[in-house]
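The structure appears below as structure tokens.
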Amino acid sequence: MAASADDDFELNNRDYYSLLNVSRQATPEELKASYRRLCMLYHPDKHRDPELKSQAEQLFNQVHQAYEVLSDDHSRAIYDIFGKKGLEVEGWELVERKRTPAEIREEYERLQREREERRLQQRTNPKGTISVGVDATDLFDCCDEDFEAVPGGGIPHIEISKMHISQSIEAPLTNCDTAVLSGSLSTHSGSGGGSINMSVRRVTSARGWGEVEFGAGDVLGPLVGLKLFRNVTSRCFVTAQWGLQFSPRGLRPSCSLMTARHLDQNTMGYLQWRWGPNSAMTTSLVRDTKSSHFTLALQLGVPHSYLMMSYQYKFQDEEQTKVKGSVKTGWFGTVVEYGAERKISRHSVLSATVSIGVPHGVTLKIKLARASQTYLFPIHLTDQLLPSAVFYATVGPLLVYTVIHRLVIIPYTQTQKEQELELQRKSSATDIARKKQEAESAVLLMQESVRRIIEAEESNMGLIILNAWYGKFVSDTSQKREKAKVIDVTVPLQCLIKDSKLILTESSKAGLPGFYDPCVGEEKSLKLLYQFRGAMHQVISADTDPLRIPKQSHRLEAES
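Numbering (this note's numbering), first residue to last: 5 to 564.
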């Protein structure tokens, strides 16, 4: 199985035009001529040695596959637009063959959508949140003026005061319908509850969708809801929601309506009206740019009305660092928050926020988001506004993060990067070794043909390749490095000579028979020293430049 995967990888990365040494505008006659020539060279029946016969069979199949695709107008059009991956899409055999490139692109997108719909049947999108509330007020009670020490109090008591766990998964039913199943469990001060919800969302058009929700819980009772979304214009949308809660106190209906509008490229305005147990009217302004995020919100309602303003600055660094601050004031009091957020790995983001409020006291909120899972740790430090609590809530996380970052995160990320680089090096080395072996096999198969070509060219004083090198050339003082980055392609190029001419197309030379890429990702060139009509010639050509030899401009002046 591994070998088969490697062969598929090889064929996926080989350019058919380069393999046949024809241009992308090649006529059927040119394709056929190149195909016949390569078939004569690689036909398995021409080789008696079992190893050479096996190598010839592999190269013969690659040439045959390339010709089979390019000689068929329909397959060639698909290959020219999408490459080999386009040919792998199921369903082309049912498509009318006489299609324009635009029609082929449209049909490809349709087939891709059908394949994506089949994949949707196997997908879920799990999301989860775990929140653990910690009561650490005993740490700072001694700083309160009214605190009375208890003899033998010992170590401060820290306890988990509340916990909340929620999880949801998506189950795509069709390309337009999605079912979402979610559940949650909560506990606080010794009592708890749970709920389970199921909703079905249907995308009715490119401008809107609707969702029906059913829920049940041990506290509030069953729930039935309906939610609608609609794009009114390209700059404005509306969301409406209705709900009916069957609580122990009777039916509790609720509804909400929200409209939003793009005020400019980076600014959104929202207006929301809610009716029910917590009726309110809220308006907010949100501006999000590459370097900052600003929110201003005003709510008038029962039982809470408030004014809130927040600002977040985004640093343009690799860790995507953000610092933020907000102030919120209303009938409940005033809360000031500040904090920071930073990406600590490819899939993990860590943030810490200090919340200072009246009458809520001081709370440190730590949040870790990893992929689609979120972990929250609100640590309540004190019910009073104590400077010591504010100081430790600010400085403590910074010190802990600095230590963990230096001793754990940096070594871990460096180890990960080194492992990835090592895997890339091994993969690249394996790939190059495989291609090198294939190129060497092709050169062995060319030997007899090259001998006959050289004899014919010598008898006519024609074109003979003396030396040919392909790869990345460096200075003359680094011969060792140069040899490591270039390969000898004298035999493959001599094999391509016909009627004292060598014609190479604009494709990368790495795809030619007998060639391989000795320095993946680096700029390469082709250097030739050849003889024509008894005179020496030399040329250096860029990898993707077309080349025709002989040329008078390549001739070397005779030394006096």
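Glycine is no exception: its CB is placed at the ideal position from the N, C-alpha and C atoms.
Just so we're clear, the structure is a prediction, and the values are computed from it rather than from any experiment.
Looking at residue i: is its Cβ nearer than 8 Å to the Cβ of residue j?
i	j	result
S288	L300	yes
G187	S170	yes
T230	L385	One detail in the question is off: residue 230 reads as Leu in this sequence, not Thr. Contact flag unset, no.
K369	S359	yes
G196	S203	no
S529	I544	yes
F319	K326	yes
P252	G280	no
G334	S314	no
S22	S512	yes
P32	S79	no
V592	G361	Outside the displayed range of the chain (5 to 564) lies residue 592, so it cannot be described from this structure.
P130	I200	no
L427	A60	no
I491	Q535	no
F250	G225	yes
Could you check what DSSP says for residue i in three-state terms: helix, strand or coil?
i	result
R41	helix
Y83	helix
T367	strand
D268	coil
L411	helix
D53	coil
H541	strand
D435	helix
P554	coil
N136	Correcting the residue identity first, residue 136 is Val in this sequence and not Asn. Here V136 sits in strand by DSSP.
P32	helix
H68	helix
D292	strand
Q423	helix
L560	coil
V362	strand
L300	strand
G280	coil
V490	strand
Q377	strand
K102	The pLDDT assigned to K102 is 46, lower than 50, so where the model puts this residue is not dependable, and the model offers no usable value.
T509	coil
T386	strand
P48	helix
S392	helix
T286	strand
T548	coil
S504	coil
P257	strand
Just mark residue i as buried or exposed, buried being the case when its beta carbon has 16 or more other beta carbons within 10 Å.
i	result
K484	Note that K484 scores a pLDDT of 47, beneath 50, so its modelled location is shaky; the value from the coordinates is reported in the next line. Burial call: exposed.
E462	exposed
C240	exposed
Y416	exposed
N464	exposed
K36	exposed
E345	buried
E53	Per the sequence shown, the amino acid found at residue 53 is Asp instead of Glu. Answer is exposed; the Cβ neighbour count stays below 16.
K505	exposed
S482	Reliability fails at S482, whose pLDDT of 47 lies under 50, so the model's placement of it is uncertain and the value that follows must be treated cautiously. S482 is exposed by the Cβ-count criterion.
I85	exposed
G343	buried
E322	exposed
A514	buried
F218	exposed
D181	exposed
K439	buried
Q566	An answer regarding residue 566 cannot be provided, because it is not within the stretch 5 to 564 covered by the chain.
A375	exposed
G525	exposed
E442	buried
Residue i lies in the beta strand (DSSP E); which residues open and close that run?
i	result
V568	The structure shown does not extend to residue 568, since the chain is modelled only from 5 to 564, so the question has no answer here.
N471	467-475
K531	529-536
S251	240-251
Can you tell me where the alpha helix (DSSP H) with residue i in it begins and where it stops?
i	result
Y520	Run containing Y520: none; DSSP gives neither H nor E here.
Q498	494-499
L4	Examination of residue 4 is not possible in this model, given that the chain is present from 5 through 564 alone.
Can residue i be considered in contact with the ligand HEM, in the sense that its beta carbon sits closer than 7 Å to one or more heavy atoms?
i	result
D321	Questions concerning the ligand HEM fall outside what the structure shown contains, since it holds no ligand whatsoever.
- Curious, which full-length beta strand (DSSP E) runs of at least 3 residues does the stretch 138-216 contain? Runs found: 163-176, 181-192, 195-209.
- May I have a chain-ordered list of the beta strand (DSSP E) segments no shorter than 3 residues that lie completely inside the stretch 304-356? 310-318, 326-334, 337-347
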